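**Student:** So that we are looking at the same thing, I have put the structure below in structure tokens.
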Amino acid sequence: MFFLVQSNIYLDPDHYKIFDALEELNIDYSVINIPPKAKELDFETKRNDVFVYGSVTIARLAKQNTHWFPGSFYGGNHLYKVYSGYYGENLLNTKVSVQKISEEMSWAKEEIKFIKPYDEAKVFTGRVFSEAEWQDFVFEALENPSNRITKDSLIQVSQVKKTMKEARLWIVGGQIIDAGYYKFDERVSFEEKVSEDGLAFARKMLRLFNLEEAFVMDICLTDEGWKIVEINCINSSGFYPNTNVKSIIKALNIYFSN
């Protein structure tokens, strides 16, 4: 399989690991720099067995190259409105409200909310906002012509819930290839490897709905047990310091080459 990797990824300090993995595994690849306002990928190849990796931009634009396989998994089942119908109460945020980013929102005194994009992944990073922080964010986002946020962009809003630990799982062909924690609460002791009960929960979720041939699932431990934080597109999911990138690339190459 041939990998097309975006070079201008500035927010992921571990992005370089994919180049190390591709070199070690002797897998063919090319590097592409994508302008912020690009409408298509300026890249030509006679190969069809192409997998893209980088930002949401390359994942989104690669969908235009329908002859590439596997190409990009962007969109489709990754949307909350799709996978929430399968995972239901197993999601951390089961009750969300959806509205345009420009619409007014009611806030209680000192309230905080978790807000993220609804139908276009990562036009901004979902996180916890106070009322003042959200108002400043919306103003700056709508005034900035370089991003893809418009007054009609949809957001989903939910209550903030406490998590004890959070982990990212990389899934290929229905199998968990790599799993690693990226967040720990001070209430729990550090663990180097994701606990077996967390992995068992993820496997149960895969039996409920194996969302794509390859995707990323973030899970967390709460007072109510393990929950799914969110589902991410594997073509644009970032690595963490403990991510075994070589194992992930090897699994992708073997699975889609067969």
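Note that our numbering has the sequence shown beginning at 148, numbered continuously upward.
Cβ atoms here follow ideal geometry from the backbone N, Cα and C, with glycine treated the same way.
Owing to the predicted nature of the structure, the values given are computational and were not obtained by experimental measurement.
Leaving out the 5 sequence neighbours to the left and right, which residues in its chain are closer than 6 Å to valine 270 when beta-carbon positions are compared?
**Tutor:** Excluding positions up to five away in sequence, the list reads Pro264, Arg295, Ile296.
**Student:** Would you decide whether arginine 354 is buried or exposed? Buried here means 16 or more other CB atoms lie within 10 Å of its CB.
**Tutor:** With fewer than 16 Cβ atoms within 10 Å of its Cβ, arginine 354 is classed as exposed.
**Student:** With DSSP collapsed to three states, give me the class of valine 178.
**Tutor:** Valine 178: strand per DSSP, three-state reduction.
**Student:** Could you pull the DSSP bridge partners for aspartate 325 from this structure?
**Tutor:** BP columns for aspartate 325 point to Trp317.
**Student:** CB-CB under 6 Å to valine 304, same chain, minus the five flanking residues each way: which ones, in chain order?
**Tutor:** Cβ neighbours of valine 304 beyond the five flanking positions: Ser244, Lys260, Ile262.
**Student:** Run through the DSSP bridge pairs and tell me what glycine 218 is partnered with.
**Tutor:** Paired residue(s): Phe198.
**Student:** When you compare each of Asp159, Val275, Met148 to serine 383 by their alpha carbons, which one comes out closest?
**Tutor:** Residue Asp159 is the option with its Cα nearest to serine 383.
**Student:** Please list the terminal residues of the continuous beta strand (DSSP E) segment that includes tryptophan 254.
**Tutor:** Segment: none, tryptophan 254 is in no beta strand (DSSP E) and carries neither H nor E.
**Student:** For the candidate residues Asn237, Lys312, Glu187, Thr192, whose alpha-carbon lies nearest to that of tyrosine 176?
**Tutor:** Ranking the options by Cα distance to tyrosine 176, first place goes to Thr192.
**Student:** Please classify serine 202 as buried or exposed, where buried requires at least 16 other C-beta atoms within 10 Å of its C-beta.
**Tutor:** Looking at its Cβ environment, which holds 16 or more other Cβ atoms inside 10 Å, serine 202 is buried.
**Student:** Does DSSP classify threonine 369 as helix, strand or coil?
**Tutor:** Here threonine 369 sits in strand by DSSP.
**Student:** Find out if the Cβ-Cβ distance for the pair serine 329, arginine 315 is shorter than 8 Å.
**Tutor:** Sequence check: residue 329 is tyrosine here, not serine. Closer than 8 Å, so yes.
**Student:** Does DSSP put lysine 340 in a helix, a strand or coil?
**Tutor:** Note: lysine 340 maps to coil in three-state DSSP.
**Student:** Check this for me: beta carbons of valine 363 and asparagine 379, under 8 Å apart or not?
**Tutor:** Closer than 8 Å, so yes.
**Student:** Between Ile179, Val197, Leu188, which lies nearest to leucine 399 when the distance is taken from Cα to Cα?
**Tutor:** Minimum Cα distance to leucine 399 is reached at Val197.
**Student:** Cα separation between threonine 225 and tyrosine 233?
**Tutor:** The sequence as given places histidine at residue 225; threonine does not occur at that position. Approximately 12 Å between the Cα atoms of the pair.
**Student:** Go through its chain and collect everything with a Cβ distance to glycine 409's Cβ below 8 Å, but skip five positions before and after it.
**Tutor:** Here the chain covers residues 148 to 405 and nothing more, so residue 409 does not appear.
**Student:** Could you compute how far the alpha carbon of asparagine 195 sits from the alpha carbon of histidine 162?
**Tutor:** Those two C-alpha atoms are separated by around 24 Å.
**Student:** State the Cα-Cα distance for the pair phenylalanine 235 and proline 182, rounded to the nearest angstrom.
**Tutor:** In the sequence as displayed, the identity of residue 235 is glycine instead of phenylalanine. C-alpha separation (whole angstroms): 38 Å.
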